[in-house]
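Q: Numbering (our numbering), first residue to last: 777 to 953.
A virtual CB, placed ideally from N, CA and C, is assigned to each residue, including glycine.
No experiment lies behind these values; they were computed from the predicted model shown.
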Amino acid sequence: MISYKWQRGFLLKVLYPLFMFIGAFVKKKKEALQGLVIRLNNKLVVKERPRTRRLLVLLPHCLQVDECKIRLTHNIYNCERCGKCEIKDLINIADRNKLELFVATGGNLARRIVSEVNPEAVVAVACENDLSSGIADTYPLPVFGIPNERPFGPCLNTRVDLKKVEEAIELLSNGAS
Ligand code: SF4
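1. To the nearest angstrom, report how far apart D913 and L885 are at their CA atoms.
2. Express the C-alpha separation of V790 and M796 in angstroms, rounding to a whole number.
3. Is there contact here, the stretch 816-830 with the stretch 913-931, by at least three beta-carbon pairs under 8 Å?
4. Which residues does DSSP pair with R935 in a beta bridge?
5. Tell me, please, which residues DSSP counts as bridged to N832.
6. With H, G and I counted as helix, E and B as strand and the rest as coil, what does DSSP make of V841?
7. When the Cα atoms are used, what is the spatial distance from K845 to L877?
8. Please go through the same chain and pick out, in chain order, the residues whose beta-carbon is closer than 8 Å to the beta-carbon of K805, but skip the five residues on each side of it.
9. How far does the alpha helix (DSSP H) with S909 in it extend, from its first residue to its last?
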């Protein structure tokens, strides 16, 4: 049987570019196709079960509420944990699980953080567009993607389902020593 890693490679390096080619012509479907790739990728990542303690959690800058002027990109722990946005909760989740947590302002910085931290697996939150391209670019690194929620539109005061983040961390690190 073809390994889950190779199946992920086929999804991310063959199907994903094909879907994005289709999406270039059928723009309304593009995000749905990206979401499909993320879900399929996640299923395969879970089947691979990296079970690692070298797990990186990567967050988009837009989770920080826009009225907060604290700079988080170099150090998320600058957050004063006032509770006005989910950054506080996400720091607590990372602390409980003793994980590295970073905020990235875009795909390039996210890729740089991945290359500097050199994790064995990643839990990443972002929009479907950034998430799917980042997951494909960093293959074969297993990345579990969680699309953010955008009640105010793209890139502004976005949110994430914290339960999904905790579940993903548990799935990728459970049993790791
Ligand atoms: S929890 Fe408060 S201090 Fe931290 S990033 Fe959000 S608004 Fe800023």
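A: Looking at the atomic coordinates:
1. Your numbering for residue 913 matches position 137 in the sequence shown. Your numbering for residue 885 matches position 109 in the sequence shown. Roughly 13 Å separates the two Cα atoms.
2. Locating residue 796 in the sequence shown gives position 20, counting from the first residue. Locating residue 790 in the sequence shown gives position 14, counting from the first residue. Going from the Cα of M796 to the Cα of V790 covers about 10 Å.
3. yes
4. For the purposes of this step, residue 935 is taken as the residue at position 159 of the sequence shown. Note: R935 sits in a beta bridge opposite E925.
5. Here residue 832 refers to the residue found at position 56 when the sequence shown is read from its first residue. According to the sequence provided, residue 832 is Leu. The question's Asn does not apply to it. L832 is bridged to E876, V898.
6. Position 65 of the sequence shown, counting from 1, holds the residue named residue 841. DSSP places V841 in coil when its eight states are reduced to three.
7. Residue numbering aside, residue 845 sits at position 69 when the sequence shown is read from its first letter. Residue numbering aside, residue 877 sits at position 101 when the sequence shown is read from its first letter. Each residue's Cα considered, the two are about 19 Å apart.
8. As a working note, residue 805 is residue 29 in the sequence shown. Only I798, G799 meet the Cβ criterion.
9. To locate residue 909, count along the sequence shown from 1; it is residue 133. That run of the alpha helix (DSSP H) goes 904-913.
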